[in-house]
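Residue numbers (this note's numbering), protein chains in the order written: chain A, 174 to 378; chain B, 88 to 556.
Reviewing the structure listed below.
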Amino acid sequence: MKPIKTLAGPAAALPFANVDTDQIIPARFMSRSRADGYGDQCFHDMRFDQDGAARAGFPLNALPEGPTVLVADDNFGCGSSREAAVYALLDYGVSAVIAPSFADIFRSNSGKNGLLTIALPPATVQALLAKLAEAPGTPAQVDLPAQRVTIGNEAFDFEIDPRLKHRLENGLDDLSATLQDADQIEAFEASYFGARPWIRPRKAG
Amino acid sequence: MTASQTGPQTDTQIGPRTAIAKIWDRHRVLTQDGSDLLYIDRHYLHEGSHHAFARLRETGRELRHPELTFGVADHYAPSSPLRATETTATMIDRLKRNASDFGIDSFGIGDPRRGIVHVAMPEQGLTLPGVTVVCGDSHTATHGAFGAFAFGIGASEVAHVMATQTLWQKPVPVMRIRVTGRLPAGTTSKDLALAIIWKIGTGGATGHAVEYDGEAIAALSMEERMTLCNMTIEMGARSGFVPPDETTFDWLKGRPMAPAGAEWDAAVAEWRELTADPGAVYDREVDLDAAEVAPMVTWGTSPEQVAPVDGAIPADANGDSLGYMGLEAGAPITGITVDRAFIGSCTNGRLSDLKAAAAVLAGRSLAVPLLVSPGSDDVARQAEELGIADIFRAAGAEWGASGCSLCVGMNGDLVASGERCASTSNRNFRGRQGPGARTHLMSPQMVAAAAVTGRISDARALLAEETKA
Numbered sequence: 174m175k176p177i178k179t180l181a182g183p184a185a186a187l188p189f190a191n192v193d194t195d196q197i198i199p200a201r202f203m204s205r206s207r208a209d210g211y212g213d214q215c216f217h218d219m220r221f222d223q224d225g226a227a228r229a230g231f232p233l234n235a236l237p238e239g240p241t242v243l244v245a246d247d248n249f250g251c252g253s254s255r256e257a258a259v260y261a262l263l264d265y266g267v268s269a270v271i272a273p274s275f276a277d278i279f280r281s282n283s284g285k286n287g288l289l290t291i292a293l294p295p296a297t298v299q300a301l302l303a304k305l306a307e308a309p310g311t312p313a314q315v316d317l318p319a320q321r322v323t324i325g326n327e328a329f330d331f332e333i334d335p336r337l338k339h340r341l342e343n344g345l346d347d348l349s350a351t352l353q354d355a356d357q358i359e360a361f362e363a364s365y366f367g368a369r370p371w372i373r374p375r376k377a378g
Numbered sequence: 088m089t090a091s092q093t094g095p096q097t098d099t100q101i102g103p104r105t106a107i108a109k110i111w112d113r114h115r116v117l118t119q120d121g122s123d124l125l126y127i128d129r130h131y132l133h134e135g136s137h138h139a140f141a142r143l144r145e146t147g148r149e150l151r152h153p154e155l156t157f158g159v160a161d162h163y164a165p166s167s168p169l170r171a172t173e174t175t176a177t178m179i180d181r182l183k184r185n186a187s188d189f190g191i192d193s194f195g196i197g198d199p200r201r202g203i204v205h206v207a208m209p210e211q212g213l214t215l216p217g218v219t220v221v222c223g224d225s226h227t228a229t230h231g232a233f234g235a236f237a238f239g240i241g242a243s244e245v246a247h248v249m250a251t252q253t254l255w256q257k258p259v260p261v262m263r264i265r266v267t268g269r270l271p272a273g274t275t276s277k278d279l280a281l282a283i284i285w286k287i288g289t290g291g292a293t294g295h296a297v298e299y300d301g302e303a304i305a306a307l308s309m310e311e312r313m314t315l316c317n318m319t320i321e322m323g324a325r326s327g328f329v330p331p332d333e334t335t336f337d338w339l340k341g342r343p344m345a346p347a348g349a350e351w352d353a354a355v356a357e358w359r360e361l362t363a364d365p366g367a368v369y370d371r372e373v374d375l376d377a378a379e380v381a382p383m384v385t386w387g388t389s390p391e392q393v394a395p396v397d398g399a400i401p402a403d404a405n406g407d408s409l410g411y412m413g414l415e416a417g418a419p420i421t422g423i424t425v426d427r428a429f430i431g432s433c434t435n436g437r438l439s440d441l442k443a444a445a446a447v448l449a450g451r452s453l454a455v456p457l458l459v460s461p462g463s464d465d466v467a468r469q470a471e472e473l474g475i476a477d478i479f480r481a482a483g484a485e486w487g488a489s490g491c492s493l494c495v496g497m498n499g500d501l502v503a504s505g506e507r508c509a510s511t512s513n514r515n516f517r518g519r520q521g522p523g524a525r526t527h528l529m530s531p532q533m534v535a536a537a538a539v540t541g542r543i544s545d546a547r548a549l550l551a552e553e554t555k556a
């Protein structure tokens, strides 16, 4: 994962609540390998009609490509646990999503892949959605060390889990870090299974 | 980074705990910067796990505990060989190869243990009270029905569990949903789940682990508990949990991979402690009277867009959702015409679900096509033995093979664009059952009622006719 310090690019609004991961990437596309890229599939059925033509009414179609900062309404990323939703957003060009709230699994998947999920108060998000509906593509910057996002001439501070911030700023992979704690996992297992041998499934047959 | 501390806290250091806190504490390997490294007892895989296997191969890492890891072909398993495609075959084969390369017991096509992961794994006695269960599928919440702490994860976390048998988790807020009274006749735990979502919304439990409590919950069968915990993710919760009791132990005893003999006794003794302590403090509490629950039907594109069957679409209903669904605000739920029907999925594909639908179908014939996909090969076998499969066939339904089928639109089963489907599945999202498909979620008997009348109908009325005759 690439270290993240600052991000800059256009911001755009997706003024919907409960954007589920089936909308972000429909299930029929998910057999693809990660290396083949998911950008063309992001919001596929919202972006394109059944003949493959761009839908005029879809807000993000006002931009030539995916926005760097996407602003959406409540409960973004709900539904299926598919991490492909995060791959699709990243490959489409989105580096940060701002919403009043995020679905749990989506938020976790985002953190593992370097997609920033920034929760801001509902009233702030409503104001941003209105502003970006008027001016899609307004320049935005994210300063991760300062925990600040700027959209146009307005700046907002945001909260982030310190462990996640450290990993993102340093481009650290969770898994490599955990493997350094292998001794502690081993010690845990010895006492845990020692007291509860029945936790291990019986061999069938 | 701050220093790590190891080991779970002992009971004497802390006050009364929720049931989830008890399981959490027992599985804490270490703590770092406010996050806990939790030990994972069961890791379930399906065809979608290919991203994680690829990551393991790229980095040359080993799978730490193949004996705690189980696979099953479900998402891409075709319900009919006629609808199999190159993709379904490739995905099923890829899982088989990955499982074999990493030494995992995986239930492939033809294995009598195969079924939807959230049906098949409990059937084998793999899901137990007090264990931590993860799977790269949001409906992993289902396993909380057994008093497990079970939640869905993404591909990166799947790879993390494969390599370390652990996961980093921020301490989770716990929400209690207490359901008093008893569910009225003709209503199910699917209706209860939809009624809760109606009350609190699809974001109503976001980030929380839900603990169910109350006499209505204790009265539920294991199958009903699984349906309820399954739908808990649709409230935004991370997990659902029902305190284990005699219903749980009776259901598990004698299952092929569940503990046996002296180990069974030791396990049950520990499981009896998996209830919340008196005075345990919850981050949020919701109370509901089961007696107020009616058969519920979704009218929109989110599970919170739902109403009782004798109700109407709200006057202020979201216009985008109504446009997609081709419905009008204020219209009654009863009488909405449907083009097809589906019974199955990890929500409602178990034997009791098929029995409930068959009670409506018996002696009637279909007005619209009905596809039935049993939750597992074992469910299918029992349904054949009990003559339930024959009731479906006699009514004119297609009796398909087990799998995720029409719940997920990736295995060849699809609803055509613009068509309206009465479905026992869990998500009425746009395009979930196929591009342009319109989904109405409801219980198995309500789907059966829609299938024989061609419109959304109160199953209780049809069942009452039966009694009179």
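Yeah, the Cβ is synthetic: ideal placement off N, Cα and C, and Gly gets one too.
Check your understanding: How is B:Ile240 classed by DSSP in three states: helix, strand or coil?
Key -> The residue you call residue 240 of chain B lines up with position 153 of the second sequence. Three-state result, B:Ile240: coil.
Review point. So, does the CB of A:Glu256 fall closer than 9 Å to a CB anywhere in chain B?
Key: For this step, residue 256 of chain A is matched to residue 83 along the first sequence. Answer yes: the Cβ-Cβ gap between A:Glu256 and chain B drops below 9 Å somewhere.
Exercise for review: Keeping to the same chain, check which residues put their C-beta closer than 6 Å to that of B:Ala296; ignore five residues upstream and five downstream.
Suggested key: Within the second sequence, the letter at position 209 stands for residue 296 of chain B. Excluding sequence neighbours, B:Ala296 sits near Ile107, Val259, Val261, Arg325, Ser326.
Review point. Got a sec? Which residues, its chain only, sit under 8 Å from B:Arg269 by beta carbon, not counting five neighbours each side?
Key: Taking the first residue of the second sequence as position 1, residue 269 of chain B is located at position 182. So the qualifying residues of the chain are Glu302, Ala303, Ala306, Ala377, Ala378.
Check your understanding: Hey, would you say B:Cys508 sits closer than 9 Å to B:Ser432, going by beta carbons?
Key -> As a first step, residue 508 of chain B is located in the second sequence; it is residue number 421 there, counting from the start. As a first step, residue 432 of chain B is located in the second sequence; it is residue number 345 there, counting from the start. Not a contact, by the Cβ cut-off of 9 Å.
Check your understanding: Nearest-angstrom Cα distance between B:Ala90 and A:Phe366?
Key -> Taking the second sequence and counting its residues from 1, the one referred to as residue 90 of chain B is at position 3. Taking the first sequence and counting its residues from 1, the one referred to as residue 366 of chain A is at position 193. Note that B:Ala90 scores a pLDDT of 38, beneath 50, so its modelled location is shaky; the value from the coordinates is reported in the next line. The straight-line gap from Cα to Cα measures roughly 26 Å.
Practice item. Check the Cβ of B:Ala353 against every Cβ in chain A and list those closer than 7 Å, keeping chain order. Key: If you number the second sequence from 1, residue 353 of chain B lands on position 266. Correct list: Trp371.
**Study point:** Strand pairing of B:Asp192, partner residues [DSSP]
**Key:** Taking the second sequence and counting its residues from 1, the one referred to as residue 192 of chain B is at position 105. In DSSP, B:Asp192 forms a bridge with B:Phe157.
**Study point:** Range of the contiguous beta strand (DSSP E) that encloses A:Glu327
**Key:** For this step, residue 327 of chain A is matched to residue 154 along the first sequence. Here the beta strand (DSSP E) through A:Glu327 covers 327-330.
Practice item. Determine the contact status of B:Ala139 and B:Val220, defining contact as a CB-CB distance below 9 Å. Key: Mapped onto the second sequence, residue 139 of chain B falls at position 52. Mapped onto the second sequence, residue 220 of chain B falls at position 133. Cβ distance not < 9 Å, so B:Ala139 and B:Val220 don't count as in contact.
Check your understanding: If we count Cβ pairs, one from each stretch, closer than 8 Å, do we get three or more for the stretch 339-359 of chain A versus the stretch 342-360 of chain B?
Key -> no
Review point. Helix, strand or coil for A:Arg375 per DSSP?
Key: As a position in the first sequence, residue 375 of chain A is number 202, starting the count at 1. Coil.
**Study point:** Any 3 or more C-beta pairs closer than 8 Å across the stretch 412-423 of chain B and the stretch 441-453 of chain B
**Key:** no
Check your understanding: Given that a residue counts as buried once 16 or more other Cβ atoms are within 10 Å of its Cβ, and exposed if not, what is A:Gln223?
Key -> Position 50 of the first sequence holds residue 223 of chain A. When all chains shown are included, A:Gln223 counts as exposed.
**Study point:** Three or more C-beta pairs below 8 Å linking the stretch 176-190 of chain A and the stretch 238-256 of chain A
**Key:** yes
Check your understanding: At a Cβ threshold of 9 Å, is B:Glu350 touching chain A?
Key -> Locating residue 350 of chain B in the second sequence gives position 263, counting from the first residue. At least one chain A Cβ lies under 9 Å of B:Glu350.
Practice item. Sort out for me which residues DSSP pairs B:Ala428 with in a bridge. Key: One-based indexing of the second sequence puts residue 428 of chain B at position 341. In the DSSP output, where bridge partners are listed per residue, B:Ala428 has B:Leu457, B:Ala509.
Check your understanding: A:Gln312: which of A:Ala200, A:Leu345, A:Ala181 sits nearest, CA to CA?
Key -> Within the first sequence, residue 312 of chain A is the residue found at index 139, counting from 1. In the sequence under discussion, the amino acid at residue 312 of chain A is Pro, which differs from the Gln named in the question. Closest option to A:Pro312, Cα to Cα, is A:Ala181.
Practice item. Indicate the three-state DSSP secondary structure (helix, strand or coil) for B:Cys222 in the structure shown. Key: Position 135 of the second sequence, counted from the start, is the residue given in the question as residue 222 of chain B. Looking at B:Cys222 - three-state DSSP - the assignment turns out to be strand.
Review point. Residues in the stretch 223-234 of chain A with C-beta within 8 Å of chain B's C-beta atoms, listed in sequence order?
Key: Gln223
Exercise for review: Hey, could you find the ends of the beta strand (DSSP E) B:Ser55 is sitting in?
Suggested key: As shown, chain B starts at 88 and ends at 556. That puts residue 55 of chain B outside it, with no answer to give.
Check your understanding: If we ignore side chains and look at the alpha-carbon of each, how far apart do A:Arg201 and B:Thr172 end up?
Key -> Position 28 of the first sequence, counted from the start, is the residue given in the question as residue 201 of chain A. Position 85 of the second sequence, counted from the start, is the residue given in the question as residue 172 of chain B. Distance between the alpha carbons of A:Arg201 and B:Thr172 is about 12 Å.
Practice item. Using a Cβ cut-off of 9 Å, pull out every chain A residue sitting near B:Phe336, in sequence order please. Key: As a working mapping, residue 336 of chain B is identified with position 249 in the second sequence. Correct list: empty, because the minimum Cβ distance to chain A is about 13 Å.
Practice item. State the start and end residues of the unbroken beta strand (DSSP E) segment that holds A:Thr311. Key: Here residue 311 of chain A corresponds to residue number 138 of the first sequence, with the count starting at 1. Where A:Thr311 is concerned, the enclosing beta strand (DSSP E) stretches over 311-316.
Review point. How long is the line joining the alpha carbons of B:Thr227 and B:Arg514, rounded to whole angstroms?
Key: Sequence index remark: in the second sequence, residue 227 of chain B carries index 140 (1-based). Sequence index remark: in the second sequence, residue 514 of chain B carries index 427 (1-based). Straight-line Cα distance between these residues: approximately 15 Å.
Review point. Does DSSP put B:Pro346 in a helix, a strand or coil?
Key: By one-based count along the second sequence, residue 346 of chain B stands at place 259. Here B:Pro346 sits in coil by DSSP.
Practice item. For B:Pro566, count neighbouring C-beta atoms within 10 Å of its own C-beta (all shown protein chains included) and say buried if the count is 16 or more, exposed if not. Key: Only positions 88 to 556 of chain B appear in this structure, which leaves residue 566 of chain B out of reach.
Review point. Does the separation of the CB atoms of A:Leu305 and A:Ile324 fall below 9 Å?
Key: Within the first sequence, residue 305 of chain A is the residue found at index 132, counting from 1. Within the first sequence, residue 324 of chain A is the residue found at index 151, counting from 1. For A:Leu305 and A:Ile324, yes; Cβs fall inside 9 Å.
**Study point:** Of the residues B:Arg371, B:Ile203, B:Trp111, the one placed nearest B:Gly158, counting alpha carbons only
**Key:** Counted from its first residue, the second sequence places residue 158 of chain B at position 71. Of the candidates B:Arg371, B:Ile203, B:Trp111, the one whose C-alpha sits nearest the C-alpha of B:Gly158 is B:Ile203.
Check your understanding: Can you find a C-beta in chain A that's less than 9 Å from the C-beta of B:Val495?
Key -> Here residue 495 of chain B is taken as the residue at index 408 of the second sequence, counted from 1. Taking Cβ atoms only, chain A reaches closer than 9 Å to B:Val495, which makes this a yes.
**Study point:** Span separating the alpha-carbon of B:Ala467 from that of B:Val206
**Key:** Translated into positions along the second sequence, residue 467 of chain B becomes position 380. Translated into positions along the second sequence, residue 206 of chain B becomes position 119. Distance between the alpha carbons of B:Ala467 and B:Val206 is about 12 Å.
Point to revise | Top-ranked residue by Cα proximity to A:Asn191, from B:Ala484, B:Asp407, B:Thr540, B:Thr511 | key: To locate residue 191 of chain A, count along the first sequence from 1; it is residue 18. Of the listed residues, the one whose Cα sits closest to A:Asn191 is B:Asp407.
Review point. For the alpha helix (DSSP H) that contains A:Ile278, what are its first and last residues?
Key: In the first sequence, residue 278 of chain A corresponds to position 105, counting from 1. A:Ile278 -> alpha helix (DSSP H) spans 277-286.
**Study point:** Coarse secondary structure for B:His137, derived from DSSP in three states
**Key:** Looking up residue 137 of chain B in the second sequence gives position 50. In this structure, B:His137 counts as helix in the three-state DSSP scheme.
Review point. Is the number of C-beta pairs between the stretch 524-534 of chain B and the stretch 273-286 of chain B that are closer than 8 Å three or more?
Key: yes
Review point. At a Cβ cut of 8 Å, what residues of the stretch 246-258 of chain B count as close to chain A, listed as they run along the chain?
Key: Ala246, His247, Ala250, Thr251, Gln252, Thr253, Trp255, Lys257
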